[in-house]
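Asks: Provided herewith is a single structure, encoded as structure tokens, for subsequent inquiry.
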Amino acid sequence: MKVLIVEDSMFVQKMMSKLIGDHIPNCEIRTATNGEEGYRLYQDFKPDLITTDLLMPGLNGQDMLRLIREKDQNVRIIILSADIQKATREEVEELGITGFLNKPLTAEKANTLLQMIQVAHDAE
Numbered sequence: 002m003k004v005l006i007v008e009d010s011m012f013v014q015k016m017m018s019k020l021i022g023d024h025i026p027n028c029e030i031r032t033a034t035n036g037e038e039g040y041r042l043y044q045d046f047k048p049d050l051i052t053t054d055l056l057m058p059g060l061n062g063q064d065m066l067r068l069i070r071e072k073d074q075n076v077r078i079i080i081l082s083a084d085i086q087k088a089t090r091e092e093v094e095e096l097g098i099t100g101f102l103n104k105p106l107t108a109e110k111a112n113t114l115l116q117m118i119q120v121a122h123d124a125e
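Residue 15 in our numbering sits at position 14 of the sequence shown, with consecutive numbering throughout.
And the structure:
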């Protein structure tokens with residue numbers, strides 16, 4: 002399974018990479034620090050699942066999601082963001098996300114994230 006983590010916080014990138022790597026066997030993980038880099042990696046890496054923040058400098062997560070959905074309706078995308086506005090959440094849900102988790106990533110939310118990734122992994 003290939004996972005792309007798009008997150009401007011290096012701390013969150015490392016934490017999520019370790020969390021996923023420790024719990025999902027044979028998982029290949031790449032990281033990007035903004036939407037532009039995330040979209041380029043999406044095209045080159047062809048991940049099975051993307052986790053992304055919404056609030057990032059440059060191309061934000063919503064705009065990256067729109068670009069990806071223009072080309073691919075099947076890649077699973079999990080939003081992990083501090084932006085909890087109802088309108089924002091509804092907008093990304095209309096674009097066909099797999100799940101939405103609010104930051105900060107607590108132990109309970111980490112378990113939920115891993116469950117979502119495992120379901121995607123098992124569906125391959």
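Even glycine gets a Cβ: it sits at the ideal position worked out from N, Cα and C.
I want to check one thing, is the minimum distance from the CB of Thr107 to the heavy atoms of the ligand ATP below 7 Å?
Replies: Although the ligand ATP was asked about, the structure shown includes no ligands whatsoever.
Asks: Where in the stretch 37 to 100 do unbroken runs of the beta strand (DSSP E), each at least 3 residues long, occur, reported from the N-terminal end onward?
Replies: For the stretch 37 to 100, whole beta strand (DSSP E) runs of length 3 or above, ordered along the chain, are 50 to 53, 77 to 82.
Asks: Leaving out five residues before and five after Arg77 in sequence, what residues of the same chain have Cβ atoms less than 6 Å from its Cβ?
Replies: Excluding residues within five positions, the ones whose Cβ falls inside 6 Å are Leu50, Thr99, Ala121.
Asks: Measure the C-alpha to C-alpha separation of Ala108 and Thr34 and round it to an integer number of angstroms.
Replies: Answer to the nearest angstrom: the Cα atoms are 23 Å apart.
Asks: Is it buried or exposed, Ser82, if we count other Cβ atoms within 10 angstroms and call 16 or more buried?
Replies: With 16 or more Cβ atoms within 10 Å of its Cβ, Ser82 is classed as buried.
Asks: When you compare each of Met117, Leu5, Gly36 to Met65 by their alpha carbons, which one comes out closest?
Replies: Ranking the options by Cα distance to Met65, first place goes to Gly36.
Asks: Since Leu106 and Pro48 are thought to touch, with beta carbons under 8 Å apart, how far apart are those beta carbons, to the nearest angstrom?
Replies: No, Leu106 and Pro48 are not in contact; Cβ-Cβ is about 19 Å, not under 8 Å.
Asks: If you drop the 5 nearest sequence neighbours on each side, which residues of the same chain put their C-beta closer than 7 Å to that of Ile85?
Replies: Cβ within range, chain order: Asn103.
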